[in-house]
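Chains as they are written, first to last, in the numbering used here: chain R, 28 to 148; chain X, 28 to 148; chain U, 28 to 148; chain V, 28 to 148.
Working notes for the structure below.
There are 4 protein chains.
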Amino acid sequence: MKDSNTTIDQLKEQVKKYCEERDWDQYHNLKDLAIGVITEASELLEHFRFKSEKEIQQMLNDPKKRGEISEEMADTLYFIVRMAQKYDIDLSDAFEKKMEKNRTKYPVDKAKGSNKKYNEL
Amino acid sequence: MKDSNTTIDQLKEQVKKYCEERDWDQYHNLKDLAIGVITEASELLEHFRFKSEKEIQQMLNDPKKRGEISEEMADTLYFIVRMAQKYDIDLSDAFEKKMEKNRTKYPVDKAKGSNKKYNEL
Amino acid sequence: MKDSNTTIDQLKEQVKKYCEERDWDQYHNLKDLAIGVITEASELLEHFRFKSEKEIQQMLNDPKKRGEISEEMADTLYFIVRMAQKYDIDLSDAFEKKMEKNRTKYPVDKAKGSNKKYNEL
Amino acid sequence: MKDSNTTIDQLKEQVKKYCEERDWDQYHNLKDLAIGVITEASELLEHFRFKSEKEIQQMLNDPKKRGEISEEMADTLYFIVRMAQKYDIDLSDAFEKKMEKNRTKYPVDKAKGSNKKYNEL
């Protein structure tokens with residue numbers, strides 16, 4: 028699978044099959060899946076704890092480290108896709124709507140080159 | 028956009044355009060983007076804090092609440108996609124590889140119906 | 028050390044000595060210490076992922092599991108205390124002020140028996 | 028209250044009284060309190076998202092920002108203390124034991140001046 032030709036529905040289908048085969052619907056309520064998202068996001072973040080930008084750049088150039096980071100990203104994505112699949116949420120639709128909102132919250136003329144939050148712009 | 032026909036690359040393109048227009052490459056290093064993922068994952072989780080399963084079910088049936096939850100999922104996805112886009116990581120490929128690993132870590136005959144971690148199976 | 032006679036300053040002193048001996052001041056900036064807090068909070072939370080209230084109650088009755096949970100709490104506390112020690116923040120003072128604010132945000136007559144957020148009371 | 032003369036038990040007593048007056052024992056199970064810890068840790072971390080070390084230093088010198096950061100630290104501490112108080116865990120004892128473990132995991136001669144994890148030392 029490649030990002031160029033993989034749809035969100037294809038990710039959902041993989042996740043659905045995987046969880047159904049293991050009979051995990053009973054454990055996958057919304058609260059625990061959200062815990063899944065954040066605990067995996069934390070494992071991703073932990074790679075960078077106390078590391079300088081230079082060291083992080085070196086990680087990215089190291090295939091093993093790069094693979095580990097990609098894996099944590101995949102784990103986080105897995106739980107988001109599972110939430111969306113189980114609770115019938117269209118991620119692409121939600122994404123598009125949120126990006127539209129973001130464009131209004133961060134108008135180019137005010138947000139360009141700035142790291143301020145929208146309420147401080 | 029719908030999950031049925033939206034590819035990951037299409038999400039990446041939206042994010043790339045949005046961030047380029049705002050000249051945000053300078054702030055979007057890996058550590059801060061990973062902070063982005065976890066802080067949005069936390070806003071998603073916060074919706075369920077101290078809520079019972081019944082109350083969470085009611086949230087899902089309330090279009091306004093459902094929209095808010097979808098929005099937090101989109102925010103989390105945004106930062107994962109941004110990381111992948113900026114640092115040239117193929118999410119679908121990482122996802123497929125991780126699912127393959129998961130199938131080995133959680134073999135159906137041992138994991139079926141169980142909520143144990145792989146190292147406790 | 029026991030909670031009955033251990034002051035926050037005594038925790039700060041232990042942390043200060045420990046980090047000075049290891050020459051870690053150079054890595055312990057505020058952003059990375061805040062990453063420390065959340066990554067340890069995540070390890071604490073992960074113990075309860077997909078677990079029912081009954082299972083969590085059993086964990087508490089199991090001395091080994093109880094010890095592991097206490098350890099994750101200690102790890103989270105360590106980073107909060109380190110932040111406060113390094114950046115000269117009086118935690119007890121901040122705590123007292125915040126509790127005073129909380130009492131106003133959640134007045135007894137409105138908040139009693141409710142799991143709503145203050146802005147929904 | 029000041030860190031110099033405030034014991035953990037005094038924090039516990041404040042939290043206990045506050046929660047009992049609001050009849051919140053029914054909501055404060057271990058899973059949701061751990062969610063409390065991580066969501067507050069996230070609000071703390073969010074202050075530093077996309078900020079440079081120089082900007083964070085400026086925040087610390089700004090009494091208003093410094094107060095906000097202290098408040099998020101107090102919120103995180105509140106949930107740890109509440110967990111410990113409700114589930115009868117001695118934080119100082121857990122802290123002392125964990126610091127002892129840490130001293131072994133990160134021996135001075137190996138860890139001095141290093142930002143590596145114990146398993147990489």
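Cβ atoms here follow ideal geometry from the backbone N, Cα and C, with glycine treated the same way.
Only a predicted model underlies this, so the values are computations on that prediction, with no experimental measurement involved.
Discussion item. Count Cβ pairs between the stretch 57 to 67 of chain U and the stretch 101 to 118 of chain U that sit closer than 8 angstroms; are there 3 or more?
Written reply: yes
Worksheet item: Which class does T66(U) belong to by DSSP, given the choice of helix, strand or coil?
Response: helix
Worksheet item: Helix or strand or just coil, what does DSSP make of T34(X)?
Response: It is a strand residue.
Discussion item. Here's a check: name, in chain order, each residue in its chain whose Cβ is nearer than 8 angstroms to the Cβ of E67(X), leaving out the five neighbours to either side.
Written reply: E99, D102, T103, Y105, F106
Worksheet entry | K139(U) at chain V interface by Cβ criterion, 9 angstroms | yes
Practice prompt. Classify D120(R) as helix, strand or coil using the three-state DSSP reduction.
Written response: In the structure shown, the three-state DSSP call for D120(R) is helix.
Discussion item. Which residue wins for smallest C-alpha separation from Q189(V), given the options E127(U), N146(U), E147(U)?
Written reply: Missing from the structure shown is residue 189(V); chain V here goes from 28 to 148 and no further.
Worksheet entry | Where D50(R) sits in the DSSP three-state scheme | coil
Worksheet item: Going along chain V in order, which residues have a C-beta closer than 7 angstroms to the C-beta of E123(U)?
Response: M28
Worksheet item: Would the beta-carbon of Y161(U) fall within 9 angstroms of that of K125(U)?
Response: Lying before the first or after the last residue shown, residue 161(U) is absent from chain U, which here runs from 28 to 148.
Worksheet item: Which residue's Cα is closest to the Cα of K143(X): S69(U), F77(U), D36(U)?
Response: F77(U)
Discussion item. For F198(V), would you say it is in contact with chain R, using Cβ-to-Cβ distances shorter than 9 angstroms as the test?
Written reply: Because chain V spans 28 through 148 in this model, residue 198(V) falls outside it and cannot be assessed.
Discussion item. Which residue marks the beginning of the alpha helix (DSSP H) containing N88(R), and which one marks its end?
Written reply: 80 to 88
Fill in: Alpha-carbon to alpha-carbon, D117(U) and K26(V)
For residue 26(V) there is no data in the structure shown, the boundaries of chain V being 28 and 148.
Worksheet item: For G94(V), which three-state DSSP category applies?
Response: helix
Discussion item. Strictly below 7 angstroms CB to CB, what residues from chain U border E40(V)?
Written reply: Going along chain U, no residue has its Cβ under 7 angstroms from E40(V), so there is no contact; the nearest lies around 10 angstroms.
Worksheet entry | Nearest-angstrom beta carbon gap, S31(X) and I65(R) [assumed within contact, 8 angstroms] | At roughly 28 angstroms, the Cβ-Cβ gap does not stay under 8 angstroms, so I65(R) and S31(X) are not in contact.
Worksheet item: In chain X, which residues lie with their C-beta within 9 angstroms of the C-beta of T66(V)?
Response: S69, E70, L72, E73, R76
Worksheet item: From this set, E95(U), H55(U), Q112(U), D50(U), which residue's C-alpha is nearest E73(U)'s C-alpha?
Response: E95(U)
Practice prompt. Find out if the Cβ-Cβ distance for the pair S97(U), L38(V) is shorter than 9 angstroms.
Written response: no
Worksheet item: Taking the alpha-carbon positions, what's the K151(X) to K113(X) distance?
Response: Nothing can be reported for residue 151(X): it is not among the residues displayed for chain X, which extend from 28 to 148.
Discussion item. Could you tell me the alpha carbon to alpha carbon distance between E80(U) and H55(V), rounded to whole angstroms?
Written reply: 11 angstroms
Fill in: Residue range of the unbroken alpha helix (DSSP H) whose run includes K144(U)
Where K144(U) is concerned, there is no enclosing alpha helix (DSSP H), given that its DSSP letter is neither H nor E.
Practice prompt. Kindly list, in the order they appear in chain U, the residues whose Cβ is closer than 7 angstroms to that of I62(R).
Written response: L72, R76
Discussion item. Measuring only the C-alpha atoms, how far is W51(V) from Q85(V)?
Written reply: 39 angstroms
Worksheet entry | Partner residues on chain X for N146(R), Cβ-Cβ distance less than 7 angstroms | Going along chain X, no residue has its Cβ under 7 angstroms from N146(R), so there is no contact; the nearest lies around 15 angstroms.
Worksheet item: For Q37(X) and chain R, any beta-carbon pair shorter than 9 angstroms?
Response: yes
Worksheet item: Where do the N-terminal and C-terminal ends of the alpha helix (DSSP H) with D136(U) fall, by residue?
Response: Segment 135 to 138, the alpha helix (DSSP H) holding D136(U).
Item to complete: Could you pull out every residue in the same chain whose Cβ sits closer than 8 angstroms to the Cβ of A141(X), ignoring the five residues on either side in sequence?
Response: Residue identity differs from the one stated: residue 141(X) is Ser in this sequence, not Ala. Excluding positions up to five away in sequence, the list reads L148.
Worksheet entry | Below-9 angstroms beta-carbon distance, D59(U) vs any chain R residue | Among the residues facing chain R, D59(U) is included, as its CB has a counterpart in that chain under 9 angstroms away.
Discussion item. Between N142(R) and chain V, is any beta-carbon pair separated by less than 9 angstroms?
Written reply: Under the Cβ distance rule, N142(R) counts among the residues neighbouring chain V, one pair being separated by less than 9 angstroms.
Discussion item. Quick check: I35(R) and I35(X), are their CB atoms within less than 9 angstroms of each other?
Written reply: yes
Fill in: Contact with chain R by Y114(U), beta-carbon distance below 9 angstroms
For Y114(U), the answer is no, since every Cβ of chain R falls outside 9 angstroms of its Cβ.
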